[in-house]
Amino acid sequence: MVTIAIIGRPNVGKSTLFNRLVGRKLALVDDRPGVTRDRREGDATLQDLEFRVIDTAGLEEASAESLEGRMRAQTERAIDDADLSLFVVDAKAGMTPQDEVFGELLRRRDKPVILVANKSEARGSDAGFYDAFSLGLGEPCAISAE
Numbered sequence: 709m710v711t712i713a714i715i716g717r718p719n720v721g722k723s724t725l726f727n728r729l730v731g732r733k734l735a736l737v738d739d740r741p742g743v744t745r746d747r748r749e750g751d752a753t754l755q756d757l758e759f760r761v762i763d764t765a766g767l768e769e770a771s772a773e774s775l776e777g778r779m780r781a782q783t784e785r786a787i788d789d790a791d792l793s794l795f796v797v798d799a800k801a802g803m804t805p806q807d808e809v810f811g812e813l814l815r816r817r818d819k820p821v822i823l824v825a826n827k828s829e830a831r832g833s834d835a836g837f838y839d840a841f842s843l844g845l846g847e848p849c850a851i852s853a854e
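When the sequence shown is numbered by the numbering used here, its final residue is 854 and no position is left out of the sequence of numbers.
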């Protein structure tokens, strides 16, 4: 079974997308960043495709011994365990330096990445969608995880 890791900075909609894919609320969703602190896994089906999906903590730059550093290590392990990653960015907020750092991290790994521009239904999201091309990960898929 294919395994897909959902990756991105805090509050881009990773857990909302995870819940949508698995078809039930397995992951906590909140407007506050940092709610997801460990990885959560579930099985999903899209048409005839069955796969395992991993929800991860928001990627943050931090020292290895801090809580955020341990969360990042878990996320990097999920990337390594997965067959491909969905790199979720917030089209409404636009690209951030954090998105660029983690886009580079994903480019250095030898695994496929699908760039997902979440919150694309929001007013003003067009600029963020087009900015996502600058990450060098191909054409973003515009979605609304909600």
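Cβ atoms here follow ideal geometry from the backbone N, Cα and C, with glycine treated the same way.
In the DSSP assignment, residue 795 forms a beta bridge with 715 and 823. Residue 795 holds the alpha-carbon nearest to the alpha-carbon of residue 812 among 733, 759, 795 and 789. For residue 728, same chain residues with a beta-carbon under 6 Å away, outside a window of 5 residues either side, are 853 in chain order.
Below 8 Å, enough C-beta pairs join the segment 837-854 and the segment 807-825 to call them touching: three or more. Around the beta carbon of residue 774, fewer than 16 other beta carbons lie within 10 angstroms, which makes this residue exposed. For residue 835, the number of other beta carbons within 10 angstroms of its own is below 16, and it is reported as exposed. Straight-line measurement puts the Cα of residue 815 at about 19 Å from the Cα of residue 762.
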